[in-house]
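Written out below as structure tokens is the structure these notes cover.
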Amino acid sequence: MRSGPLLLAAALAGAVAGIAAVAFGQTVGALRSLVAGAPPAVVVLAPVVGALLCVAMVRFVPDAGGGGIPQVRQAFAGSPLCGRVAGAKALASGMMLGSGGSGGAEGPVVHISAALGSALARAVRLPPASVRPVAAAAVAGGVAASFGAPLAGVVLVAEVLVEGLGGVELVGVAIGSAAGALAGVVLPGEPLRLPDAAVGGSPFGGVVAGLFGVVLAWSLFAGAAWPAWVRGFAGSRRIERESRLVAGSTRAVSGRVRDVVAWACSGWVRAVVGGVAVGLLVLAVPGVAGVGQPGAAAGGLSVLLVLAVVKVVATGVTVGAGGVVGTIGPALFVGATVGSALPMAGGAAAGMAACLAAASRAPATAVVLAVELSGLDLLPPILLAAALGWLAGLLTRHGVFDVPEPTRLAGG
């Protein structure tokens, strides 16, 4: 494999993915601003429109369904990745998050970036063996531009998406991440923002022993709470798959009863019911809408805990309604919100690391992302938090990246 063309393609793919990620984030932000200032009826009904669009898009382009990261893992393991996914995923996820559906933007960005990188590698006629490294570089670039965290983009690819990455491929991923981060800096706009508490707090140079004890206790709480959400996430996926089986069954029921069951289990009905439920939650607690609003994590202990619980519920309902959303964002949001209850700097960062490590079973990614978002001074409590979160995550059968998706990864 010639390294020159591969590295050039990796740089180009990272830049293209970075531009796409910034455009996606700006679109979601613009839609959220539009809906947030609308009358209450619009706030409640907007997620219905987003969910219906997701259902329709997945019917036309099945690959566009799901959170994004599980599909890309399958693609990098050998399944084909269709280039047309990029546009369909951007439209479905952008509308769902922009309309108020609760979830993360990073999963869709990973999926969009991988599809763009794969299409670019084929367009410049690279050999088949080079398609995966270029797509991986695009993913790193998209993540780097989204979060302003280039190192986290590389670690996510190496730890979660691609096994056995090394040599020139790893260099290509690093170059792609740097190109994406540069695109994110040059283009107007800001990286996807989390609650202010996630990046706020005064940094401290030395961590006293007492702080470690407090952070450990809170990290264990945050990390242990998240597996319950993973179970709910898996349950919503299972209900979605089983409802399709029931709706399509001709042996269990017949005639009018079968028609009623098929109607009640259809994706359209779930989109309407789930969308209204999400809209009501957003109307009651606006901070849980979309990827989470900056400043939402400000408040007393009771306010923070309510915000975290409602975010978990709203994300589960969004997924159950057919919403095409990611899962890293909610993990970071919940962790930062719970950790913000710590009466000292470092709690939000530790909570982010704990929840993300518990949900994803990717402790290195959790540590690097939390450090890049909050600062190197917080590394000791973040390391301990991620370790405890990862241990707590073992209480579940699957991490959120391992939950089987109801849609197939198309080959073509």
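For the sequence shown, the numbering used here begins at 30 and goes up steadily by one. Backbone N, C-alpha and C fix where the C-beta goes; we use that ideal spot for every residue, glycine too. Just so you know, these numbers come straight off a predicted model, no measurement behind them.
Buried or exposed for residue i, going by 16 or more other Cβ atoms inside 10 Å?
i: Arg88; result: exposed
i: Ser62; result: exposed
i: Arg154; result: exposed
i: Val367; result: buried
i: Gly66; result: exposed
i: Pro410; result: buried
i: Ser331; result: exposed
i: Gly171; result: buried
Compute the distance between the beta-carbons of residue i and residue j, then report whether it is under 8 Å.
i: Ala39; j: Ala166; result: yes
i: Leu35; j: Ser175; result: no
i: Val396; j: Leu417; result: no
i: Ala50; j: Gly209; result: yes
i: Thr347; j: Gly303; result: yes
i: Val305; j: Val77; result: yes
i: Ala117; j: Val73; result: no
i: Gly422; j: Ala80; result: no
i: Val45; j: Leu149; result: yes
i: Leu336; j: Val314; result: yes
Could you give the distance in angstroms between the alpha-carbon of residue i and the alpha-carbon of residue j?
i: Gly349; j: Ser32; result: 44 Å
i: Val317; j: Thr56; result: 18 Å
i: Ser151; j: Arg161; result: The question names Ser, but residue 151 in the sequence shown is Arg. So the two alpha carbons sit approximately 11 Å from each other.
i: Met125; j: Gly54; result: 13 Å
i: Leu334; j: Ser389; result: 22 Å
i: Val71; j: Leu312; result: 10 Å
i: Val354; j: Gly133; result: 6 Å
i: Ala399; j: Ala378; result: 6 Å
i: Leu405; j: Gly58; result: 28 Å
i: Ala173; j: Gly107; result: 25 Å
i: Arg102; j: Val189; result: 8 Å
i: Leu424; j: Gly94; result: 27 Å
i: Val200; j: Gly321; result: 34 Å
i: Leu82; j: Pro68; result: 21 Å
i: Gln100; j: Ala119; result: 15 Å
By alpha-carbon positions, which one of the options ends up nearest to residue i?
i: Val168; options: Leu180, Val332, Ala337; result: Leu180
i: Ala415; options: Leu402, Ala391, Val338; result: Ala391
i: Ile141; options: Leu126, Ala115, Gly133; result: Ala115
i: Met86; options: Gly422, Val184, Phe53, Ser122; result: Ser122
i: Ala300; options: Ala365, Val84, Gly319; result: Val84
i: Gly205; options: Leu423, Ala421, Gly47, Cys384; result: Gly47
i: Gly96; options: Thr356, Ala337, Val363, Val307; result: Thr356
i: Ala42; options: Glu401, Ala207, Gly66; result: Ala207
i: Val363; options: Val339, Val77, Gly351; result: Val339
i: Gly358; options: Ala44, Val77, Ser131, Pro69; result: Ser131
i: Ala212; options: Ala52, Leu424, Val341; result: Ala52
i: Ser403; options: Trp419, Ser369, Pro69, Leu420; result: Ser369
Please list, in chain order, all residues of the same chain as residue i whose beta carbon is under 6 Å from its beta carbon, the five residues on each side excluded.
i: Ile98; result: Gly136, Val139, Phe430
i: Ala75; result: Val64, Ser128, Gly129
i: Ala164; result: Ala143, Gly146, Ser147
i: Val197; result: Ser32
i: Val191; result: Phe105, Ala165
i: Leu194; result: Ala187
i: Leu37; result: none
i: Gly319; result: Arg61, Leu126
i: Ala360; result: Cys384, Leu385, Ala388
i: Val202; result: Ala165, Ala166, Ala169, Val183, Val186
i: Thr279; result: Here Thr279 scores only 49 on pLDDT, less than 50, and its place in the model is too uncertain to base an answer on.
i: Leu216; result: Val51
i: Ala393; result: Val184, Glu188
Just checking: is the beta-carbon of residue i within a distance shorter than 8 Å of some beta-carbon in chain D?
i: Gly213; result: In the structure shown, chain D does not exist; there is a single protein chain.
Who are the Cβ neighbours of residue i in its own chain at under 8 Å, not counting the five residues just before and after it?
i: Gly239; result: Any reading at Gly239 must be qualified, since the residue scores a pLDDT of 45, below 50, and its modelled position is unreliable; the value itself is stated next. None.
i: Gly234; result: Legend: pLDDT at Gly234 = 37, less than 50; position of this residue unreliable, value from coordinates given subsequently. Within the same chain, Gly234 has close Cβ partners Asp406.
i: Leu309; result: Val73
i: Trp297; result: Leu81, Val84
Sorted by chain position, which residues of the same chain lie with C-beta nearer than 7 Å to residue i's C-beta, five sequence neighbours on each side aside?
i: Leu408; result: Val400
i: Arg113; result: Val90
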